[in-house]
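Following: one structure in structure tokens, then a few remarks.
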Amino acid sequence: MVFRIASSPYTHNQRQTSRIMLLVLLAAVPALWSRPVFGWGTVLQIVLAALTAWATEAAILKLRKQPVAATLKDNSALLTGLLLAVSIPPLAPWWMVVLGTAFAVVIAKQLYGGLGHNPFNPAMIGYVVLLISFPVQMTSWLPSYEIAAHIPAFSDALQMIFTGHTAAGGDMASLRLGIDGVSQATPLDTFKTSLHAGHSVQQVLQLPVYGGVLAGLGWQWVNIAWLAGGLFLLWQKAIRWHIPVSFLVSLGLCATLGWIFSPQSLASPQMHLLSGATMLGAFFILTDPVTASTTNRGRLIFGALAGLLVWLIRSFGGYPDGVAFAVLLANITVPLIDYYTRPRVYGHR
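So, in structure tokens, the structure goes:
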């Protein structure tokens, strides 16, 4: 009998990286609910981001003399493009999603050595670069269909993305108008801006963008769709529960305490949990196995820290939604968290 000597690990998970990435992409399907809420723009942005991610990944791999076809099959570039595409306004100019995706793939991923070596989430790096460089375009969100003065058709969305105006001559400013003739913003942005303008919380919540729903019209359904996708990932055991649960508990607890002690200046827990990119961040971004903590205790700390950072940025920072910044700041702490939460070796004190 011949015995083969091999190094650890001696047990293997049968799931390949490509299959896990495919499950995450499949779980993102319910989030296409944003299409009827905000129009066709998100779908077009996803297509542009996917094509850009594939093209840039292939080009860099070829320059690095790495296998192109085998690497593209892991679907990681496609997932990066998807996460960035759903994070930007639906009718942002085409070159923005191309620039952001290319930066995410080339600089935030391949420059560090490719999948498994990047310390920061590539999609969030691309998003932050766009947000800092083009703040006006990155905050030009459309109102949901319930309060929109004009719902852009597929042809309108296509022309807006590539030319900056519709066939009828409409521009972004006209498409952002609500039925009351006032330009609309996201619920989190509206809340922060209105409070700084001296309005009370009661006055803010009477604005059309809320429509009697504290999380904001349309946004609660988008977040519930991401939640459904996240539960699917948990069911398939593609992600572990520690990060999303600790993140949502931390954010919810901070929001509840803040709302109890300062209801006239801070948003409610419902708004924090069901508005912005909360569920997207909890289940699809923070759970990135490459940039998150690798121990169970570390994952709980990592998720809780991200939740605290999101609440702090939303409540006291200069940006209405702090998920991207919270993710990147939490990524910085991962080596330290892993160092202090690594399992104790048997026989050592």
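Numbering (my numbering), first residue to last: 3 to 351.
Every residue gets a Cβ at the ideal spot worked out from N, C-alpha and C, and that includes glycine.
For residue 204, the enclosing alpha helix (DSSP H) begins and ends at 203-206. Counted as a single uninterrupted DSSP element, the alpha helix (DSSP H) harbouring residue 194 occupies residues 189-198.
In this chain, residue 143 is not harboured by any alpha helix (DSSP H), its DSSP state being neither H nor E. CA-to-CA, the gap between residue 46 and residue 160 works out to about 7 Å. Per DSSP, the unbroken alpha helix (DSSP H) holding residue 340 starts and ends at 325-343. In summary, residue 66 is exposed, with fewer than 16 beta-carbon neighbours lying within 10 Å of its beta-carbon over all protein chains present. In this structure, 257 is the residue among 287, 143 and 257 with its C-alpha nearest to the C-alpha of residue 276.
For residue 313, the enclosing alpha helix (DSSP H) has its first and last residue at 298-318. Minimum Cα-Cα distance from residue 253 among the listed residues 304, 223 and 291 corresponds to 304. In this structure, DSSP gives residue 237 a helical state, which the three-state scheme calls helix. Here the region 125-143 makes no contact with the region 24-31; the two share fewer than three CB pairs at distances below 8 Å.
Three or more Cβ pairs closer than 8 Å define a contact, and the region 318-333 meets that threshold against the region 274-288. Where residue 78 is concerned, the enclosing alpha helix (DSSP H) starts and stops at 78-87.
Per DSSP, residue 90 lies in no alpha helix (DSSP H) segment and is marked neither H nor E. One thing to note: residue 125 has its Cβ within 8 Å of the Cβ of residue 82.
Counting C-beta pairs with one atom in each stretch, the region 333-345 and the region 287-299 have three or more that are closer than 8 Å, which means they touch. Counting along the chain, residue 56 sits inside the alpha helix (DSSP H) bounded by residues 43-65. Under the Cβ criterion (8 Å, minimum of three pairs), the region 116-130 does not count as touching the region 160-169.
Classified as exposed, residue 198 has fewer than 16 neighbouring CB atoms from the shown chains inside 10 Å of its CB. With respect to residue 87, residue 48 sits close: the two C-beta atoms are nearer than 8 Å. Here the C-alpha atom of residue 268 lies approximately 6 Å from the C-alpha atom of residue 317. Taken through DSSP and simplified to helix, strand or coil, residue 21 comes out as helix.
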